[in-house]
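Worksheet: the structure to be examined is printed underneath.
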Amino acid sequence: MSAVSKPLPNKALLKWSWREIKQSQLWPIAIALTLIIACVFGLAALADRMDQVIMTQGKNALTADTVFRSSNPLPEKLLTATKAQKTKISTLTRFATMAFSDNSMQLVTVKAVDDSYPLRGEMVLSNGDKTRNHVSENQLWLEPRVMQQLQVNIGDAVTIGDADFKVSGEVLQEPGLAFNPFQQMPSVYIHQSDVEKTGAVQVGSRVSFRLFINGTQNQIKQLKQSISLTPSDRWIDEDSQSRTSEVFEKTKQYLSLTVAIVVVMAAITLVLTCQHYVASRRQTIAMLKSLGAQKPWLIRWLSLQIGSLFAIGIVFGSLIGVLLEIVLRIPLTDVLPDPLPSYGLMPFLLSVGTCLAIGIPALGIPLIGLLNTSAASVMQPSQGNIPNKAWLLIILPFGLLMSVYGGNMLVWIVLASILVIFVILGVISLFMVKGLLRLPASPALKLALSRINRSSIASGIQFGALSLSLMLIAIIWLVRSDLLSDWQQTLPENAPNVFALNIASYEKDNYLQEIDNANLNRSEAYPIIRGRLHQINGVDAKDYADGEDKSDSLRRELNFTWADTLPARNDLLEGSWGEAGSVSVESDVASDLGLNIGDTLSFVISSQTVTAKVNTIRKVHWREMKPNFYFIFSPDVLKDIPGTWLVSFKAPADNQKKTDVFLNKMARDFPTVSLMDIRTMAGKIQVLLTQIVWSITVLAGLAVIAGLLLIFTLLRLSLSQRQQEIRLYRTLGASKKRISKTVWYEYGIMAFVAGVVASVGAEASVASLMKWGFELDPTWHIGLWIILPLLAFVTLALVLRTLIKQLLVPVNKAVF
């Protein structure tokens, strides 16, 4: 009484608040705040580090932050601009020529680099005694296979074009990561200053000039604006690498999606706990008001309590978050760089900001209503009025989401869907329960069903929240599984790792026979000829498509083939094959260029113009690492134009020496055939995919844990709200066995129905995400329909085991 009539000093009030936290219903809020900060901090810190690692991998794949590539010498204007911007640069000149030794010859790709190359990534050169990372003047470095094909050792003489070199050593590791096997010609490295004396670069020569640039985003932007691109020029960024950027971009999307869903689940946990707390404090507030407590005093008292809760959550949540991030990256030790990139203050700011943005409205809105509780509520319970202005606090979490995910449409689609799905899941669940009432059942089961239907709104909210929690867990894990399944196609176990090009028609059969005699898995042989798409329906192709940037098929020469039948691994989407004078078009090219069945296309091939009509559109699975083509002609179209043949095969990886012997023999027996060994590239891809697979698996596991904690909290609070009702049944004489069975039936039905409904929602949501968010084909997950109901029931069983004895105590015993 005195504590209310005479205001307590802050110190005494704070002690009272701490005693309230320890002895009342406040501790679940402290746990919820700690949970949300720990989860968001740990997840954001790991996601930030992984994002940095993935971005670094992407830039290492380019060997720079950005690359300017051209078929013409590098423009002086660009070189001058790089000096003005003070960016780090490196140059590379790439061309094909013959390499001669005293014993053999070999067609090679010469890469002439300067002292700074590479700006990113690592080049490892070995002269037998030690390794180095850069090429110097008058040096010649050969891939091991080139040394074997030329039958030379370190110190031997090799002629490149018109220039004589002494072999400096072997190229053990090249920087960069290329997914295009047609760029994997055997390489030799020389210095830029030695290009002129080779005499291999003349007017009309096929040469690629590259400028590698390291700089800030603003510097790179200004450099791009400083020059106008010609048809032979192109900027290559991380996002321009079609194969690599696809994996990088989808990983970033998944990280954002995971963080957003964990925040949503943590927010629901906090809101539910806050609602329960406010409901439990209503009688206390009414009693204090009846004893003379004024509103300012109550505000000060509640503010100290809530402030203490936030302080506990921030301190312990941050500490646990740091430990959580350390634990989460233990499985990633072998694939993370050393030293690790720092995650800075952003995870702390994000976690605390998220906690405040969610906690303030979650607690503030019901607390405002709590403060408006009248003293008369001591005798007759009533709800306090919540002013309309209080609902403006909801702007806080949406403002945080906008600042963090403002440009991420995928996250907003998910969040909007969650709000709609919550209502739909609750309604569907109630309809399912009503349907169960028509089935024959035991008295305990009927009592459970009637209990659910009697409080349909509350039950609908419980069903919706439980179904939504299960669905979010399923979404995180299924998206992870589908992404991994898709990425595994980047490099299947039986993927070819050697491509043979320029096989002449007269030696094709003998070449294929040699591969078959070695019992190697190979593709069928494809005739190859290079050319360009010239016109579409009589209109210049670039004009028809509004510029060459519309499709990669307009920016360069393409490899064409012809066949009597289309490849079985390509999916036929439209049309039918077989008509003479026809061409089949890959679906993405058809979409980019606006091509339809019946359109007429003209091509320039070996200075000749050929015309064909589009008769089929097919989907190509590029990641299978097998020969694939944008355009496939009927044989009659190219019958008068000579071509060569291409075949790919799988060289055994378990016996490196045996494989090298076989490839060297093939190079000697068929000297005009170009062998492209991509085993090194395959190893790089495997390391990259291993790193990404580990990262999203750990993130998915954390999201599942957060979801399970949400479900546990949801069920526990739901049972706590039933406490008085169940105790009243006991006081009126209901047996423990009957009530226990009824509770198990009621929540068992809830778990089963919520699991089934969540399975439907998860399948639909994942299918939508994969199709429109990640641009992948959706698949069905039959096991999900068993796992989700089972997961809900196991969590329910854990909750009931901890509470059932307390629930079965009669009211009179509970009071005394």
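Under my numbering, the residues of the sequence shown are numbered 909 to 1724, in order. The C-beta atom is built at its ideal place from N, Cα and C for all residues, glycine as well.
Which whole-angstrom value describes the C-beta separation of Ser1725 and Asp1064, a residue pair presumed to lie in contact below a C-beta threshold of 8 Å?
-> Outside the modelled stretch of the chain, which goes from 909 to 1724, sits residue 1725, for which no answer is possible.
Taking 7 Å as the cut-off, does the CB of Ala1488 come closer than this to any heavy atom belonging to the ligand MG?
-> The ligand MG is absent from the structure shown, which contains no ligands of any kind.
On a CA-only basis, which of Ile1176, Phe1339, His1689 and Gly1029 is nearest Ile1657? Give me that one, please.
-> What you label residue 1657 is simply residue 749 of the sequence shown in a count that begins at 1. Closest by alpha carbon: Phe1339.
Specify the secondary structure class of Ser1582 as computed by DSSP and reduced to three states.
-> Here residue 1582 refers to the residue found at position 674 when the sequence shown is read from its first residue. Correct three-state label for Ser1582: strand.
Is Phe1724 helix, strand or coil by DSSP?
-> Your numbering for residue 1724 matches position 816 in the sequence shown. Note that Phe1724 scores a pLDDT of 40, beneath 50, so its modelled location is shaky and nothing firm can be said.
Backbone secondary structure at Asp1460 - three-state DSSP | Here residue 1460 is taken as the residue at index 552 of the sequence shown, counted from 1. Three-state result, Asp1460: helix.
Proximal residues to Glu1051 (C-beta, below 6 Å), its chain only, five neighbours per side dropped = In the sequence shown, counting from the first residue as 1, residue 1051 sits at position 143. If we look at Glu1051 and ignore the five residues flanking it on each side, its Cβ neighbours are Val1079, Pro1094 and Ser1095.
When we look at the beta-carbon of Ile1128 and count the other beta-carbons within 10 Å, is it buried (16 or more) or exposed?
-> As a position in the sequence shown, residue 1128 is number 220, starting the count at 1. That one is buried.
For Phe1537, the three-state DSSP class (helix, strand or coil) | By one-based count along the sequence shown, residue 1537 stands at place 629. Three-state result, Phe1537: coil.
Per DSSP, the bridge partner or partners of Leu1757 = Outside the modelled stretch of the chain, which goes from 909 to 1724, sits residue 1757, for which no answer is possible.
Which of helix, strand or coil does DSSP assign to Ser978?
-> The residue labelled residue 978 in the question sits at position 70 within the sequence shown. Of the three classes helix, strand and coil, the one that applies to Ser978 here is strand, per DSSP.
Evaluate contact between the segment 1520-1535 and the segment 1381-1390, counting only Cβ atoms and requiring at least three cross-stretch pairs below 8 Å.
-> no
From the DSSP output, read off the bridge partner residues of Ala1071.
-> Your numbering for residue 1071 matches position 163 in the sequence shown. DSSP lists Ile1068 as partners of Ala1071.
Integer Cβ distance of Ile1062 from Asn1035, believed to fall under 8 Å | In the sequence shown, residue 1062 corresponds to position 154, counting from 1. In the sequence shown, residue 1035 corresponds to position 127, counting from 1. Yes, they are in contact, since the Cβ atoms of Ile1062 and Asn1035 sit about 6 Å apart, within 8 Å.
What number of angstroms, rounded off, separates the C-alpha of Ile1144 from the C-alpha of Val1018?
-> For the purposes of this step, residue 1144 is taken as the residue at position 236 of the sequence shown. For the purposes of this step, residue 1018 is taken as the residue at position 110 of the sequence shown. Taking the straight line joining both Cα atoms gives about 21 Å.
Val1115: which of Leu1000, Thr1192 and Ser1282 sits nearest, CA to CA?
-> Translated into positions along the sequence shown, residue 1115 becomes position 207. Answer by Cα proximity: Leu1000.
Who are the near neighbours of Leu1264 in its chain, counting only those whose CB is closer than 6 Å to its CB and skipping five residues on each side?
-> Counted from its first residue, the sequence shown places residue 1264 at position 356. Around Leu1264: no qualifying Cβ.
Backbone CA spacing between Gly1225 and Ile945 [nearest angstrom] = The residue given as residue 1225 occupies position 317 in the sequence shown. The residue given as residue 945 occupies position 37 in the sequence shown. When rounded, the distance between both Cα atoms is 5 Å.
For the beta strand (DSSP E) that contains Trp1553, what are its first and last residues?
-> The count along the sequence shown starts at 1 and reaches residue 1553 at position 645. Per DSSP, Trp1553 belongs to the beta strand (DSSP E) from Thr1552 to Phe1557.
Nearest-angstrom Cα distance between Gly1506 and Leu1441?
-> Numbered from 1 along the sequence shown, position 598 holds the residue referred to as residue 1506. Numbered from 1 along the sequence shown, position 533 holds the residue referred to as residue 1441. Going from the Cα of Gly1506 to the Cα of Leu1441 covers about 16 Å.
Same chain only: Cβ atoms within 7 Å of Asp973, ignoring 5 sequence neighbours per side = Stepping through the sequence shown from its first residue, residue 973 is reached at position 65. Closer than 7 Å at Cβ, skipping near neighbours: Lys967, Ile1121, Asn1122, Gly1123 and Ile1128.
Nearest residue (CA-CA) to Tyr1097, options Pro1026, Leu1257, Val1491 and Ile1220 = Taking the first residue of the sequence shown as 1, we reach residue 1097 at position 189. The candidate whose alpha carbon is nearest that of Tyr1097 is Pro1026.
Tell me Lys1521's beta-bridge partners as DSSP assigns them.
-> What you label residue 1521 is simply residue 613 of the sequence shown in a count that begins at 1. According to DSSP, Lys1521 bridges with Ser1490 and Thr1508.
Using DSSP with H/G/I as helix, E/B as strand and the rest coil, what is Asp956?
-> Against the sequence shown, residue 956 aligns to sequence position 48. Note: Asp956 maps to helix in three-state DSSP.
Express the C-alpha separation of Leu1708 and Lys1649 in angstroms, rounding to a whole number.
-> Working through the sequence shown from its first residue, we reach residue 1649 at position 741. Working through the sequence shown from its first residue, we reach residue 1708 at position 800. Cα to Cα, Lys1649 sits roughly 11 Å from Leu1708.
For Gly1029, does the count of other Cβ atoms within 10 angstroms reach 16, so buried, or fall short, so exposed?
-> Position 121 of the sequence shown, counted from the first residue, corresponds to residue 1029. Flag for Gly1029 reads buried.
Would Asp1585 pass as a contact of Arg1002 if the rule is Cβ separation under 8 Å?
-> As a first step, residue 1585 is located in the sequence shown; it is residue number 677 there, counting from the start. As a first step, residue 1002 is located in the sequence shown; it is residue number 94 there, counting from the start. No.
Residues sharing a beta bridge with Pro1435, DSSP = Within the sequence shown, residue 1435 is the residue found at index 527, counting from 1. Trp1553.
For Ser1044, three-class secondary structure by DSSP = If you number the sequence shown from 1, residue 1044 lands on position 136. Ser1044 falls in the coil class under three-state DSSP.
Would you mind giving the Cβ-Cβ distance between Leu1481 and Arg1526, rounded to the nearest angstrom? I have them listed as a contact below 8 Å.
-> If you number the sequence shown from 1, residue 1481 lands on position 573. If you number the sequence shown from 1, residue 1526 lands on position 618. Indeed, because the Cβ distance is near 6 Å, the residues count as touching under 8 Å.
Beta-carbon spacing of Val1665, Leu1357 below 8 Å | Counting from 1 along the sequence shown, the entry for residue 1665 is found at position 757. Counting from 1 along the sequence shown, the entry for residue 1357 is found at position 449. No. Outside cutoff.
Please confirm whether Val1704 and Tyr1653 have their CB atoms less than 8 Å apart.
-> To locate residue 1704, count along the sequence shown from 1; it is residue 796. To locate residue 1653, count along the sequence shown from 1; it is residue 745. Note on identity: in this sequence residue 1704 is Leu, with Val being the wrong assignment. Their beta carbons are not under 8 Å apart, which means Leu1704 does not touch Tyr1653 by this criterion.
Cα-Cα separation between Pro1348 and Lys1354, rounded to whole angstroms | The residue you call residue 1348 lines up with position 440 of the sequence shown. The residue you call residue 1354 lines up with position 446 of the sequence shown. One C-alpha to the other measures close to 9 Å.
Could you please give the first and the last residue of the uninterrupted beta strand (DSSP E) stretch that includes Glu1482?
-> Translated into positions along the sequence shown, residue 1482 becomes position 574. Glu1482 -> beta strand (DSSP E) spans Asp1479 to Gly1483.
Span of the beta strand (DSSP E) holding Asn1122?
-> Within the sequence shown, numbered from 1, the residue matching residue 1122 stands at position 214. Unbroken beta strand (DSSP E) run through Asn1122: Val1115 to Asn1122.
Length of the line joining the Cα atoms of Ser1101 and Ser1136 = Stepping through the sequence shown from its first residue, residue 1101 is reached at position 193. Stepping through the sequence shown from its first residue, residue 1136 is reached at position 228. So the alpha carbons of these two residues sit roughly 28 Å apart.
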